[in-house]
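K.L.:
Note that our numbering gives residue 200 to position 200 of the sequence shown, counting from 1, and the numbers run on in steps of one. Before I ask anything, here is the structure I am working with.
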Amino acid sequence: MNYFAHALQFLDRPYFVAGTAVPDWLSVIDRQVRVRAKLIEPHLRNDGSQQSEVAAGAWQHLHDDGWFHSTRAFFEVSTTLAVNFREVLGPDDSLRTSFLGHIVTELLIDAELIGRHPGQVERYYDVLGSVEPLAVQQAVNLMAKTPTECLAQLIPRFLDERFLPDYLSDERLLHRLNQVMHRVKLPPLPVEAEVVLCLARPLIRDRLSELLPEEHFHL
1 MNYFAHALQF
11 LDRPYFVAGT
21 AVPDWLSVID
31 RQVRVRAKLI
41 EPHLRNDGSQ
51 QSEVAAGAWQ
61 HLHDDGWFHS
71 TRAFFEVSTT
81 LAVNFREVLG
91 PDDSLRTSFL
101 GHIVTELLID
111 AELIGRHPGQ
121 VERYYDVLGS
131 VEPLAVQQAV
141 NLMAKTPTEC
151 LAQLIPRFLD
161 ERFLPDYLSD
171 ERLLHRLNQV
181 MHRVKLPPLP
191 VEAEVVLCLA
201 RPLIRDRLSE
211 LLPEEHFHL
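What follows is the structure, given as structure tokens:
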């Protein structure tokens, strides 16, 4: 799951929403910092405090990833996309194609949810814009073994970029994927990869209820 899918059910809880983004934000800005379930759980006080809400959101992210990556649909869809990317990139590019199968499945789920819930991605950004970045960073530092001084700087940049709506366009999504490729030090994707993105969208649409089963994901 990606940013929007993790948060969509909780848009009335700003610091919870920020917490759902924390694991991914840290992977972008400060990879040595991790929030683990056993470190989060002592902070799940359910008292409405900023600390408790950030903790609950981060825990929700980890919980979501646990069931989501275990679904048969995720395995089948991500494998199909990896095979499709391999046809474009070549049979010797297994590292990049496996990575792409995984992340493109997640990004296109966000795209499908954004399309099905008009106005909610704008609300997502508005909700995150109401949190105090330093308060989120301080909450994370109470839960992480290694503190970060970078997270509060990332949040305003994340809000300024507003890249989630770009997932609705194959061309703009390819641009965003190439930013990820650069960050993880993998070669950029050629424009021909847009064909894979285009063909993947109906697959995600048809299997969304299996990728996000109602017992785990409901609005």
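All C-beta atoms, glycine included, are put in the ideal place defined by N, C-alpha and C.
#1: Could you give the residue range of the alpha helix (DSSP H) that holds residue 121?
#2: Taking residue 143 as the reference, give the member of 76, 172 and 38 with the closest Cα.
#3: So what's residue 180 in DSSP terms, helix, strand or just coil?
#4: Excluding the 5 residues flanking residue 98 on each side, which residues of the same chain have their C-beta closer than 7 angstroms to its C-beta?
#5: Could you pull the start and end residues of the alpha helix (DSSP H) that residue 190 belongs to?
#6: Between the C-alpha atoms of residue 96 and residue 170, what's the straight-line distance to the nearest angstrom?
#7: If you draw a straight line from the C-alpha of residue 68 to the C-alpha of residue 5, how long is it?
#8: Over the uninterrupted alpha helix (DSSP H) stretch that includes residue 101, give me the two end residues.
#9: Alpha carbon to alpha carbon, how far is residue 58 from residue 167? Give it in angstroms, no decimals.
#10: So within the region 19-50, which uninterrupted alpha helix (DSSP H) runs reach at least 4 residues, ignoring any that extend past its ends?
#11: What whole-angstrom Cβ distance do residue 174 and residue 197 have, given they're in contact under 8 angstroms?
#12: Would you report the Cα separation of residue 105 and residue 41, rounded to the nearest angstrom?
#13: Under 9 angstroms between the Cβ atoms of residue 193 and residue 89?
#14: Between the region 106-114 and the region 130-141, do three or more beta carbon pairs fall short of 8 angstroms?
#15: The alpha helix (DSSP H) spanning residue 138 covers which residue range?
#16: Whole angstroms is fine: what's the gap from residue 206's alpha carbon to residue 164's?
#17: Would residue 107 and residue 178 qualify as a contact pair, given that the criterion is a beta-carbon distance under 9 angstroms?
#18: Three-state secondary structure (DSSP) at residue 2?
#19: For residue 229 versus residue 71, is the C-beta spacing smaller than 9 angstroms?
#20: Where does residue 219 land, buried or exposed, given buried means 16+ other C-beta within 10 angstroms?
#21: Would you report the Cα separation of residue 157 and residue 191, rounded to the nearest angstrom?
P.N.:
Inspection of the coordinates gives the following:
#1: Looking at the DSSP string, the run of the alpha helix (DSSP H) that includes residue 121 is 120-129.
#2: Here the closest residue by C-alpha is 38.
#3: Secondary structure of residue 180 (DSSP, three-state): helix.
#4: Excluding residues up to 5 positions away in sequence, 82 lie with their Cβ nearer than 7 angstroms to the Cβ of residue 98 in the same chain.
#5: Per DSSP, residue 190 lies in no alpha helix (DSSP H) and is assigned neither H nor E.
#6: Linking residue 96 to residue 170 through their CA atoms gives a straight-line distance of about 18 angstroms.
#7: When rounded, the separation of the alpha-carbon atoms in residue 68 and residue 5 is 11 angstroms.
#8: Residues 94-116.
#9: Answer to the nearest angstrom: the Cα atoms are 23 angstroms apart.
#10: Segments of the alpha helix (DSSP H) lying fully in the region 19-50: 37-40.
#11: Contact check for residue 174 and residue 197: beta-carbon distance about 7 angstroms, within the 8 angstroms limit, so the pair qualifies.
#12: If you take the alpha carbons of residue 105 and residue 41, they lie about 29 angstroms apart.
#13: Yes, Cβ-Cβ distance for residue 193 and residue 89 is below 9 angstroms.
#14: No, the region 106-114 is not in contact with the region 130-141.
#15: Looking at the DSSP string, the run of the alpha helix (DSSP H) that includes residue 138 is 133-143.
#16: In this model, residue 206 and residue 164 are separated by some 21 angstroms (Cα to Cα).
#17: Going by beta carbons, residue 107 and residue 178 fall outside the 9 angstroms limit.
#18: DSSP places residue 2 in coil when its eight states are reduced to three.
#19: Limits of the chain in this structure are 1 at one end and 219 at the other, which puts residue 229 out of reach.
#20: Counting Cβ neighbours within 10 Å, residue 219 comes out exposed, since fewer than 16 surround it.
#21: Spanning the two alpha carbons is a distance of roughly 27 angstroms.
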